[in-house]
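Protein chains in written order, with my numbering: chain A, 16 to 128; chain B, 1263 to 1377. One structure below.
Below, the structure is given as structure tokens:
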């Protein structure tokens, strides 16, 4: 069965600092990986996804993630945090044909002025 | 192009009652998936509908049921509500079956409170 572990339920960084949100997955077959963001009282918005090909994926709002098969990781980064990045971030995995996303528990990102 | 919409936005019910939540998929999308997001948790897959047929189900009891209509909108029905059913219910639509490039687009959700 697939699973996703997000290390750190709460991450706090200063405005302008590097953002690093960690995600590890388990999957018996090559997975498809996603990062979604959820702002308060809203649904989920896709930040980026990895399916095949280049392992460094660029998304919206300056975020990027790198698929590392050997480490079973898909960490999300952003070089310089902005106050508007404060939100809940979810990593998700999907196996082709499984027809469903399996989400991690989420990481709440707080930006300090 | 309109996105995924859900109604109602909020709902309060009591234990034992039944509830129906509605979802309109994004234009051009024929697949709808439903997720339950309990407070402080990640979303959990309930089931998916593709062209009016159930196409995959998560670990939820039969009192969670659904429908998809010819216009690809969908309903989630929950019977005999329990306190633990209190959650944000998210609908996501995609074109074709969820797969390699079929990104799921989420609606804003319906927040259900069971008292």
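Here a beta-carbon is modelled for each residue, glycine too, at the ideal position from N, C-alpha and C.
In this structure, DSSP gives residue 76 of chain A a helical state, which the three-state scheme calls helix. Cβ neighbours of residue 93 of chain A within its own chain (closer than 8 Å, five residues either side excluded): 33, 34, 76, 77, 78, 79 and 100.
In the three-state reduction of the DSSP assignment, residue 84 of chain A falls in the helix class. For residue 1301 of chain B, no beta strand (DSSP E) encloses it, and the DSSP letter there is neither H nor E. The alpha-carbon separation between residue 1287 of chain B and residue 123 of chain A amounts to approximately 28 Å. Ranked by how close their Cα comes to the Cα of residue 1296 of chain B, the residues B:1376, B:1366 and B:1377 have B:1366 in first place. Shown here, residue 1269 of chain B sits in a strand according to DSSP, grouped into three states. Within the segment 1316 to 1338 of chain B, contact with chain A at the beta-carbon level (separation under 8 Å) is assigned to 1317, 1318 and 1320.
Taking a 10 Å sphere around the C-beta of residue 90 of chain A, we find 16 or more other C-beta atoms and assign the residue as buried. When secondary structure is reduced to three states using DSSP, residue 43 of chain A falls in the coil class, being assigned neither helix nor strand. Contact between residue 1345 of chain B and residue 1373 of chain B does not hold, since their C-beta atoms are separated by about 15 Å, which reaches or exceeds 8 Å. Note that the segment 104 to 111 of chain A touches the segment 44 to 52 of chain A; at least 3 beta-carbon pairs, one per stretch, sit closer than 8 Å. For residue 59 of chain A, the closest Cβ of chain B is nearer than 8 Å.
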